[in-house]
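Visitor: Under the working numbering, the letters of the sequence shown match residues 21 to 388, in that order. Think of the CB as a built atom: it goes at the ideal place given N, C-alpha and C, for glycine as much as any other residue. Sharing a structure, written as structure tokens. Questions coming.
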Amino acid sequence: MHLHKLHARRGYKYRSPRAAHNTINPLREMKHCLIAIIVLLSVLLREQLVSSTTGCPRRYLRRINGKCYYFSVKKMNWYGALNNCLRKGLTLADLSNPGDFNGAIDFLSSKGNTEDFWFGGNDLQTEGRYQYISNGRLVRYFGNYSVVWSDESALCNDCLEVRIRSNMTITASENCLERQYFICSEVYCDSVDAKKPRHHSHEHLHHFHHDVGEPSGESEEDMNTPSPFDSGSEESPNESNEDAIPKDELEESNENDKETTAAVSESDATSPAEGETESTAAGETETTAAGEIESTAAGETETTAAGEAESTAAGETETSAAGEAETTAAGETETTAAGEAETTAAGEAETTAAAETEATAPGEVESP
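What follows is the structure in structure tokens.
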């Protein structure tokens, strides 16, 4: 007997499996809708949480009351903290109003911080006049107390810090060289239309930092080092003032020195004699290359050939290094100038230029 017949006898209405399945569909739909609502709410809450904490250009920044802050994890002195903020495109924090001050302090307190943190306040320019490094405004809000706590015995307490404690938070002045944690913040323009942070004040911040002086061990690189070529000075080459030596004055060769010039004194000059003959015939002989022979009575001999080669005698003799005249082996003297004038020893002097003139000594002069 079938089961549905048995149920019919007992007064039960038979329901097919498909009909039973159709009755539970609304429950499943409600369950799916409930899950979807929960997921949607979780996503919305997560987005709200993300926008309130990390809605800043960089992941390490925290958004608090519409501003992005950086809270350091390393301790530095005030100058090093300023440089670190500047490298991130920020500046030491401006906590000029209760909203900014309390927002930053509450965030740190919620993380269990009970440390000291540098921010932008200082009186480096005027003692007792605390200003923010980012814009030069006076520091007017100091947290729970309306004054700056300072240790009277300490000198050079020119930088401000917030001291977070479990029961209170105070603003205190401290030596700028002390190493503390620090708070950085973006710099915003004062105008209503400005929507982006401004970063153009970094140049004067760097200048301010260098005016104050850098502590040892934390120097900053100078980015504006001028090029040595920007000074405008040009290097002028050295000009040579040496005159060229004429050819007809040189041609003195020695075995060890090619150009040797010794001081010539007139007292050491000797007239050619005994083994030296410079075309002298009956006193003085002047031989020219043009075929003219002129004899002068002054004891001087001039030999001219296509240019002028003057040989002086009768008491004036040019002697070169170590008082030696230009004498070649076997008493021969050769004088060359634009042409060749050869004066030979052993009583013969030959002068050749354009044509050949032979002057023989002693006492004989032959001309062609």
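My parser needs the beta strand (DSSP E) runs of 3 or more residues fully inside the segment 86-120; what are they?
Guide: 87-91
Visitor: Determine the closest residue to residue 98 out of 76, 55, 117, 144, with distance taken between C-alpha atoms.
Guide: 144
Visitor: Just to confirm my understanding: we take residue 178, look at its own chain, exclude 5 residues before and 5 after, and list those with CB closer than 6 Å. What are they?
Guide: 142, 143, 144, 196
Visitor: Might you give, ordered along the chain, the residues of its own chain that have their beta carbon closer than 6 Å to the beta carbon of residue 111, omitting 5 neighbours on each side?
Guide: 105, 154, 207
Visitor: May I ask which residues mark the beginning and end of the beta strand (DSSP E) holding residue 136?
Guide: Segment 136-142, the beta strand (DSSP E) holding residue 136.
Visitor: With DSSP as the reference, label residue 15 as helix, strand or coil.
Guide: In the structure as shown, the chain starts at 21 and stops at 388, and residue 15 therefore has no counterpart that could be examined.
Visitor: With DSSP collapsed to three states, give me the class of residue 168.
Guide: For residue 168, the three-state secondary structure derived from DSSP is coil.
Visitor: How big is the Cα-Cα spacing for residue 199 and residue 75?
Guide: 30 Å
Visitor: Please state the DSSP three-state secondary structure of residue 59.
Guide: helix
Visitor: What do you get for residue 350, buried or exposed, if any count of 16 or more other CB atoms within 10 angstroms of its CB means buried?
Guide: With a pLDDT of 31 at residue 350, under the threshold of 50, the modelled position of this residue cannot be trusted, and the question is left open.
Visitor: Under a Cβ-count criterion, where at least 16 other Cβ atoms within 10 Å of its own Cβ denotes burial, should residue 194 be classed as buried or exposed?
Guide: buried
Visitor: Determine the closest residue to residue 84 out of 115, 59, 54, with distance taken between C-alpha atoms.
Guide: 115
Visitor: Can you look up residue 197 in the DSSP assignment and give me helix, strand or coil?
Guide: coil
Visitor: Kindly list the residues whose CB is nearer than 6 Å to the CB of residue 159, restricted to its own chain and excluding five residues on each side of it in sequence; keep chain order.
Guide: 141, 150
Visitor: Going by other Cβ atoms of all chains shown within 10 Å of its Cβ, with 16 needed for buried, is residue 182 buried or exposed?
Guide: buried
Visitor: How many Å lie between residue 168 and residue 123 at the Cα?
Guide: Here the C-alpha atom of residue 168 lies approximately 19 Å from the C-alpha atom of residue 123.
Visitor: Please state whether DSSP places residue 129 in a helix, a strand or coil.
Guide: helix
Visitor: Which partner residues of residue 203 appear in the DSSP bridge assignment?
Guide: 91
Visitor: When you measure from the CB of residue 202 to every non-hydrogen atom of the ligand ADP, does any distance come out below 7 Å?
Guide: Of ligands this structure carries none, so the ligand ADP is not represented either.
Visitor: With the cut-off set at 8 Å, would you say residue 390 and residue 184 are in Cβ contact?
Guide: Residue 390 is absent from the model: the chain starts at 21 and stops at 388.
Visitor: Please list, in chain order, all residues of the same chain as residue 117 whose beta carbon is under 8 Å from its beta carbon, the five residues on each side excluded.
Guide: Hits under 8 Å: 161.
Visitor: Looking at the structure shown, is residue 188 part of a helix, part of a strand, or coil, going by DSSP?
Guide: It is coil, neither helix nor strand.
Visitor: Indicate whether residue 92 and residue 134 have their beta-carbon atoms separated by less than 8 Å.
Guide: no
Visitor: Measuring CA to CA, which of 80, 132, 205, 57 is closest to residue 152?
Guide: 205
Visitor: Which one of 146, 125, 48, 148 has the shortest CA to CA distance from residue 188?
Guide: 125
Visitor: Counting only the same chain and skipping the five closest in sequence on each side, list residues whose C-beta sits under 7 Å from that of residue 147.
Guide: Hits under 7 Å: none found.
Visitor: Cα separation between residue 102 and residue 119?
Guide: 23 Å
Visitor: If you measure between the beta carbons of residue 190 and residue 165, is that distance less than 8 Å?
Guide: yes
Visitor: Please state whether the Cβ-Cβ distance between residue 180 and residue 127 is less than 8 Å.
Guide: No, they are not a contact pair.
Visitor: Just mark residue 56 as buried or exposed, buried being the case when its beta carbon has 16 or more other beta carbons within 10 Å.
Guide: exposed
Visitor: With DSSP collapsed to three states, give me the class of residue 181.
Guide: strand
Visitor: Taking its Cβ as the centre, do 16 or more other Cβ atoms sit within 10 Å of residue 250, making it buried, or is it exposed?
Guide: Unreliable placement is indicated for residue 250, whose pLDDT of 35 sits below 50; the coordinate value is still reported in the next sentence. Exposed, by the Cβ-count rule.
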